[in-house]
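What follows is one structure encoded as structure tokens, with my remarks underneath.
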Amino acid sequence: MSLNTQWWTMAMMLLSGLAMGAVFDGYRVISHELRFSRWLMPVLDLLYWGAATLTVFRVLYASNNGEVRAYVFLGLLIGIGFYFLLFSRAVMAVVRWSIEAVRRLIAFLLRCIDVLIVKPLILLYRLIRIIAGFLIVVTIFLSKLVLQLVRPLWLLARWLLSPLVRPLGVWLSRAAARLRLKETGMRIGRFLKRLWNKLF
Numbered sequence: 000m001s002l003n004t005q006w007w008t009m010a011m012m013l014l015s016g017l018a019m020g021a022v023f024d025g026y027r028v029i030s031h032e033l034r035f036s037r038w039l040m041p042v043l044d045l046l047y048w049g050a051a052t053l054t055v056f057r058v059l060y061a062s063n064n065g066e067v068r069a070y071v072f073l074g075l076l077i078g079i080g081f082y083f084l085l086f087s088r089a090v091m092a093v094v095r096w097s098i099e100a101v102r103r104l105i106a107f108l109l110r111c112i113d114v115l116i117v118k119p120l121i122l123l124y125r126l127i128r129i130i131a132g133f134l135i136v137v138t139i140f141l142s143k144l145v146l147q148l149v150r151p152l153w154l155l156a157r158w159l160l161s162p163l164v165r166p167l168g169v170w171l172s173r174a175a176a177r178l179r180l181k182e183t184g185m186r187i188g189r190f191l192k193r194l195w196n197k198l199f
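Mapped onto our numbering, the consecutive letters of the sequence shown carry residue numbers 0 to 199.
See the structure below:
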């Protein structure tokens with residue numbers, strides 16, 4: 000392995016160590032802020048270390064075809080050490096700020112949905128209920144008013160037509176008696192009379 004390849008591998012391991020530290024800090028902050036369950040933490044730890052191992056191996060394979068030497072581990076340790084000495088606090092602050100920004104963005108979007116969609120729909124529903132109730136009340140009132148106005152005309156018409164209706168009623172009674180339907184006709188007549196008195 001040439002010297003250039005060794006230095007290149009060393010630099011890549013330094014960068015890998017820095018990246019591992021940054022991802023680890025981000026993982027710690029996110030798990031703390033989101034308050035993951037305790038039983039989930041070991042699973043996430045295993046996933047982190049598994050992903051970190053695979054990533055470091057891929058970088059190592061790309062830099063020197065996967066040859067493991069002492070300077071590989073040295074580069075990783077130096078990168079991780081530099082990260083925790085120089086960048087850890089800044090990265091954790093950025094991650095916390097990002098989480099807070101996402102929370103505020105979500106709260107803002109939910110507020111917009113509530114103001115622009117939910118509340119107008121509720122207001123429209125209430126308005127429709129009020130209008131429907133008003134129309135029902137007006138319809139009932141107008142119907143009663145029309146019936147009250149028509150009733151005198153109906154009484155007058157019934158009085159005027161009674162000389163014609165009475166002979167017809169006598170004839171119908173006789174016909175019903177002949178057909179043995181007198182009792183049924185009287186029941187129907189009484190029912191119609193009660194219905195008319197109830198309505199008018």
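A virtual CB, placed ideally from N, CA and C, is assigned to each residue, including glycine. Keep in mind it's a predicted model, so treat the numbers as computed, not measured.
Check whether residue i and residue j have beta carbons under 8 Å apart
| i | j | result |
| --- | --- | --- |
| M91 | V28 | yes |
| M9 | G49 | no |
| L120 | G78 | no |
| M19 | A51 | yes |
| G16 | L76 | yes |
| W7 | S62 | yes |
Buried/exposed call for residue i, threshold 16 Cβ in 10 Å
| i | result |
| --- | --- |
| D24 | buried |
| Y82 | buried |
| S142 | exposed |
| V136 | exposed |
| S97 | exposed |
| N64 | exposed |
| V71 | buried |
| I36 | It is worth fixing the name first, because residue 36 is Ser in this sequence and not Ile. Burial call: exposed. |
| L59 | buried |
Pick from the options that is closest to residue i, judged by C-alpha positions
| i | options | result |
| --- | --- | --- |
| F56 | V94, M12, R95 | M12 |
| T4 | Y26, I130, V67, L109 | V67 |
| L45 | Y26, E32, R34, Y124 | Y26 |
Original post:
Just checking, does the stretch 40-55 make contact with the stretch 94-112 on the three C-beta pairs under 8 Å criterion?
Top reply: In the pairwise beta carbon analysis, the stretch 40-55 is classified as not touching the stretch 94-112: fewer than three pairs are separated by under 8 Å.
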